[in-house]
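*Asks:* Handing you a structure now.
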Amino acid sequence: MTTSTETSTESSASVAQYALQLGDDALILSHRLSEWCAHSPELEEDVALANLALDLLGQARTLLTYAGSLEGAGRSEDDLAFLRTEREFRNVLLVEQPNGDFAATIARQLYFATYQSELYAALCDSTDPELSALAAKAVKEVAYHRDHAVQWTLRLGDGTEESHRRMQAGLEQLWPYTAELFFADPIASALVESGVAVDPRTLRPAWEASVAGVVDAATLTMPADGWQPRGGRTGRHSEGFGLLLGEMQALHRQYPGASW
Amino acid sequence: MTVVEEYVALDLAALEAAASSVPDPELPVVTLGDLGIIRGIALAADGAVEVRITPTFVGCPATEVIATDVRAAVADRLRESGAPDIEVRTRTAMSPPWSTDWISDAGRRKLAEHGIAPPSGAARHAGGPVAVTIGRRPVSAAPACPRCGSADTRELSAFGSTPCQSLRACRACGEPFGAIKPL
Chain A
2 MTTSTETSTE
12 SSASVAQYAL
22 QLGDDALILS
32 HRLSEWCAHS
42 PELEEDVALA
52 NLALDLLGQA
62 RTLLTYAGSL
72 EGAGRSEDDL
82 AFLRTEREFR
92 NVLLVEQPNG
102 DFAATIARQL
112 YFATYQSELY
122 AALCDSTDPE
132 LSALAAKAVK
142 EVAYHRDHAV
152 QWTLRLGDGT
162 EESHRRMQAG
172 LEQLWPYTAE
182 LFFADPIASA
192 LVESGVAVDP
202 RTLRPAWEAS
212 VAGVVDAATL
222 TMPADGWQPR
232 GGRTGRHSEG
242 FGLLLGEMQA
252 LHRQYPGASW
Chain B
3 MTVVEEYVAL
13 DLAALEAAAS
23 SVPDPELPVV
33 TLGDLGIIRG
43 IALAADGAVE
53 VRITPTFVGC
63 PATEVIATDV
73 RAAVADRLRE
83 SGAPDIEVRT
93 RTAMSPPWST
103 DWISDAGRRK
113 LAEHGIAPPS
123 GAARHAGGPV
133 AVTIGRRPVS
143 AAPACPRCGS
153 ADTRELSAFG
163 STPCQSLRAC
173 RACGEPFGAI
183 KPL
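If you're matching them up, the sequences are chains A and B in order. Per our numbering, the first sequence starts with residue 2, numbered consecutively. Per our numbering, the second sequence starts with residue 3, numbered consecutively.
Shown next as structure tokens:
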């Protein structure tokens with residue numbers, strides 16, 4: 002009996018960590034995309050990028066609320082989003098990368114939305130009912146995110162000489178960070194056997210084929226593998242991440258408990 | 003105790019009707035019932051009335067206003083029925099996921115009458131790998147102009163004034179309009 006309870010508690014703690022990883026990915030990318038609002042190349046893009054950010058924020062709220070409830074320490078979605086420090090965030094490095102120019106943002110979107118499409122499609126079959134319900138909902142929304150990134154990659158890649166150059170540079174600049182998406186992280190790996198989590202490694206072939214199809218159609222070239230930084234899943238983030246958190250958390254920290 | 007439970011049990015349909023008749027805060031021409039986001043109402047073990055609501059998009063910013071409006075509408079109905087002390091709660095029901103197929107025929111008609119094109123074509127259903135769309139989307143999926151009825155419309159952006167709408171324009175009459183996008 003004791004063993005069963007301990008196993009169950011241990012398992013809840015792992016699921017909480019897994020939900021936190023997925024939730025942090027969505028939250029941090031949502032914040033990066035929201036930085037574009039009022040700075041996009043055209044009004045429709047202000048609206049589009051804000052919409053993408055909002056969808057991701059909705060996923061993050063669901064996942065962080067779930068992580069907090071499994072953790073059992075009484076932390077709400079807001080506590081997790083606004084009161085953790087850099088080293089406590091579990092998002093991959095890709096989503097925290099500075100926006101760069103519009104083409105770099107589109108490259109990050111192409112990589113991440115394609116990954117999330119594959120991830121959520123697979124998570125629809127998760128044995129965890131909360132995760133499968135969110136995945137079944139979010140997979141349809143993320144299809145629009147991917148479509149947005151595909152349309153822009155085609156326009157920029159197959160556009161002018163300058164837009165082609167910038168789109169290729171964006172793909173190259175962010176490519177190193179894609180390796181971390183498919184790294185066999187210990188938290189996810191421990192939950193694969195019970196059917197809760199998806200083994201990140203299994204998502205790579207479909208992801209790569211999908212990205213390569215778009216890159217090719219856009220007359221661009223797939224970047225070559227080289228440097229593969231990672232560390233986000235264990236809380237080791239890049240330099241700009243502290244500034245991002247500073248802005249994201251300022252209001253909540255200055256006015257604790259503030260509400261609309 | 004028994005009297006209260008029986009009384010509320012008998013009235014659940016009326017309470018659900020009250021919840022369903024609440025106008026959507028962002029698209030007030032349709033009700034929550036028209037949108038198909040009220041998923042049911044039940045009496046919880048502690049005697050509270052619990053309404054299950056599903057979001058259209060997970061991040062829809064109207065979700066909290068909708069829940070507040072639903073609680074107020076159900077509480078009003080309880081008060082009118084002489085049972086003002088019963089607690090009303092709302093709960094998010096994520097599964098089965100909402101799709102545009104849940105919008106009623108009446109809802110589709112009201113949207114069109116108010117200049118918002120109802121969803122056209124089949125909803126995107128979950129499951130399986132996500133198809134790669136390269137190039138233009140199929141023309142058959144284009145919604146008709148809610149002003150002049152022309153099918154010759156184009157997409158300005160897949161993202162519009164609310165998460166559930168895209169922004170389109172009519173080539174025949176020039177009208178720009180919002181369209182509920184298939185989900």
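C-beta atoms are modelled at their ideal positions from N, C-alpha and C, and glycine is treated no differently.
Assuming leucine 29 of chain B contacts isoleucine 118 of chain B (C-beta within less than 8 Å), just tell me the rounded distance between them.
*Replies:* Between isoleucine 118 of chain B and leucine 29 of chain B the Cβ distance is about 7 Å, and since that is below 8 Å, they are a contact.
*Asks:* Name, please, each residue of chain B whose Cβ falls closer than 7 Å to the Cβ of asparagine 52 of chain A.
*Replies:* Under the 7 Å cutoff, chain B gives Phe161, Pro165.
*Asks:* Can you give me the Cβ contacts of serine 118 of chain A inside the same chain, cut-off strictly under 6 Å, excluding the 5 residues immediately before and after it?
*Replies:* Contacts found: Val143, Arg147.
*Asks:* Any contact between the segment 167–179 of chain A and the segment 222–232 of chain A? By contact I mean 3 or more CB pairs, one from each, below 8 Å.
*Replies:* Short answer: they touch.
*Asks:* Between the segment 26–42 of chain A and chain B, which residues of the former have a C-beta closer than 8 Å to a C-beta of the latter?
*Replies:* Result list empty, no residue passes.
*Asks:* Tell whether a beta-carbon distance below 8 Å holds between glutamine 152 of chain A and threonine 222 of chain A.
*Replies:* Result no, Cβ atoms of glutamine 152 of chain A and threonine 222 of chain A do not sit closer than 8 Å.
*Asks:* Taking a cut of 9 Å between CB atoms, which residues from the segment 53–68 of chain A lie near chain B?
*Replies:* Answer in chain order: Leu53, Ala54, Leu55, Asp56, Leu57, Leu58, Gly59, Gln60, Ala61, Arg62, Thr63.
*Asks:* Determine the direct distance from the alpha carbon of aspartate 36 of chain B to that of alanine 104 of chain A, and round the result to whole angstroms.
*Replies:* Their Cα atoms are separated by approximately 40 Å.
*Asks:* Does any residue of chain A bring its CB to less than 8 Å from the CB of proline 120 of chain B?
*Replies:* Not one chain A Cβ lies under 8 Å of proline 120 of chain B.
*Asks:* Determine whether the beta carbon atoms of arginine 62 of chain A and glutamate 78 of chain A lie at a separation below 8 Å.
*Replies:* Their beta carbons are under 8 Å apart, which means arginine 62 of chain A touches glutamate 78 of chain A by this criterion.
*Asks:* So serine 133 of chain A is in the alpha helix (DSSP H); what residue range does that whole segment cover?
*Replies:* Segment 130–158, the alpha helix (DSSP H) holding serine 133 of chain A.
*Asks:* Closer than 7 Å: is that where the CB of valine 143 of chain A sits relative to any heavy atom of the ligand GDP?
*Replies:* You won't find the ligand GDP in this model; it holds no ligand whatsoever.
*Asks:* So, is the C-beta of glutamate 142 of chain A closer than 8 Å to a C-beta in chain B?
*Replies:* At least one chain B Cβ lies under 8 Å of glutamate 142 of chain A.
*Asks:* Alpha carbon to alpha carbon, what distance is there between serine 83 of chain B and histidine 40 of chain A?
*Replies:* So the alpha carbons of these two residues sit roughly 53 Å apart.
*Asks:* If you pair each beta-carbon of the segment 42–55 of chain A with each one of the segment 148–161 of chain B, do three or more pairs fall below 8 Å?
*Replies:* Touching, yes.
*Asks:* I'd like to know whether the C-beta atoms of alanine 68 of chain A and alanine 17 of chain A end up nearer to each other than 8 Å.
*Replies:* Yes.
*Asks:* Looking at the secondary structure, which residues open and close the alpha helix (DSSP H) in which phenylalanine 179 of chain B lies?
*Replies:* Phenylalanine 179 of chain B -> not in any alpha helix (DSSP H); beta strand (DSSP E) instead, spanning 178–182.
*Asks:* When you compare the CB of alanine 108 of chain A with every CB in chain B, is at least one pair closer than 8 Å?
*Replies:* So no, alanine 108 of chain A is outside the interface.
*Asks:* Can you check DSSP and say which residues form a bridge with glutamate 52 of chain B?
*Replies:* The partner list for glutamate 52 of chain B (beta bridge, DSSP) reads B/Ala44, B/Arg91.
*Asks:* Quick one, which of A/Ser239, A/Pro201, A/Leu172 has its alpha-carbon nearest valine 215 of chain A's?
*Replies:* Nearest of A/Ser239, A/Pro201, A/Leu172 to valine 215 of chain A, Cα basis: A/Leu172.
*Asks:* Give every residue of the same chain whose Cβ lies closer than 8 Å to the Cβ of threonine 154 of chain A, excluding the five residues on either side of it in the sequence, and list them in chain order.
*Replies:* Contacts found: Ile107, Ala108, Leu111, Met168, Val215, Val216, Ala219, Leu221.
*Asks:* Our contact map puts phenylalanine 113 of chain A next to leucine 58 of chain A with C-beta atoms below 8 Å; I'd like the distance itself, whole angstroms only.
*Replies:* About 15 Å; that fails the 8 Å criterion.
*Asks:* Assuming the contact rule is C-beta atoms closer than 8 Å, alanine 198 of chain A and alanine 189 of chain A should be a hit. Round their C-beta distance to whole Å, please.
*Replies:* That belief holds up - the Cβ atoms of alanine 198 of chain A and alanine 189 of chain A are roughly 4 Å apart, short of 8 Å.
*Asks:* Which of the three DSSP states, helix, strand or coil, is assigned to serine 15 of chain A?
*Replies:* Serine 15 of chain A: helix per DSSP, three-state reduction.
*Asks:* Please return the same chain residues whose Cβ sits closer than 7 Å to the Cβ of valine 193 of chain A, not counting the five positions on each side in sequence.
*Replies:* Result list for valine 193 of chain A: Asp200, in chain order.
*Asks:* Keeping to the same chain, check which residues put their C-beta closer than 8 Å to that of tryptophan 100 of chain B; ignore five residues upstream and five downstream.
*Replies:* Closer than 8 Å at the Cβ level, and outside the excluded window around tryptophan 100 of chain B, lie Gly38, Ile39, Thr56, Pro57, Thr58, Leu185.
*Asks:* Determine which residues share a DSSP beta bridge with isoleucine 118 of chain B and list them.
*Replies:* For isoleucine 118 of chain B, which the question treats as bridged, DSSP gives the partners B/Gly180.
*Asks:* Determine whether the Cβ of phenylalanine 179 of chain B lies closer than 8 Å to any Cβ atom of chain A.
*Replies:* Not one chain A Cβ lies under 8 Å of phenylalanine 179 of chain B.
*Asks:* For chain A, find out if any of its Cβ atoms is closer than 8 Å to the Cβ of glycine 42 of chain B; answer yes or no.
*Replies:* Closer than 8 Å: no.
*Asks:* From the DSSP secondary-structure annotation, give me the bridge partner or partners of glutamine 174 of chain A.
*Replies:* Answer by DSSP bridge pairing: none, since glutamine 174 of chain A is not bridged.
*Asks:* Please list the residues of the segment 136–168 of chain A that have a C-beta atom closer than 9 Å to any C-beta atom in chain B, keeping them in chain order.
*Replies:* Here the close residues are Ala136, Ala137, Lys138, Ala139, Val140, Lys141, Glu142, Val143, Ala144, Tyr145, Arg147, Asp148, His149, Val151, Gln152, Leu155.
*Asks:* Could you check if glutamate 97 of chain A is buried or exposed, using at least 16 other CB atoms within 10 Å of its CB as the buried criterion?
*Replies:* Answer is buried; the Cβ neighbour count reaches 16.
*Asks:* Return the first residue and the last residue of the alpha helix (DSSP H) that arginine 81 of chain B is part of.
*Replies:* Taken as a continuous stretch (DSSP letters only), the alpha helix (DSSP H) holding arginine 81 of chain B covers 65–82.
*Asks:* Compare the C-beta of alanine 82 of chain A with all C-beta atoms of chain B and state if any pair is closer than 8 Å.
*Replies:* With 8 Å as the cut-off, alanine 82 of chain A does not count as an interface residue toward chain B.
*Asks:* Could you check where the beta strand (DSSP E) with glutamine 117 of chain A kicks off and where it finishes?
*Replies:* Premise fails: glutamine 117 of chain A lies in the alpha helix (DSSP H), 103–124, not in any beta strand (DSSP E).
*Asks:* Please work out which residues of its chain come closer than 7 Å, Cβ to Cβ, to histidine 183 of chain A, disregarding the five sequence neighbours upstream and downstream, and give them in chain order.
*Replies:* Per the sequence presented here, residue 183 of chain A reads as phenylalanine, with histidine not at that position. Here the set comprises Pro201, Arg202, Leu204, Arg205.
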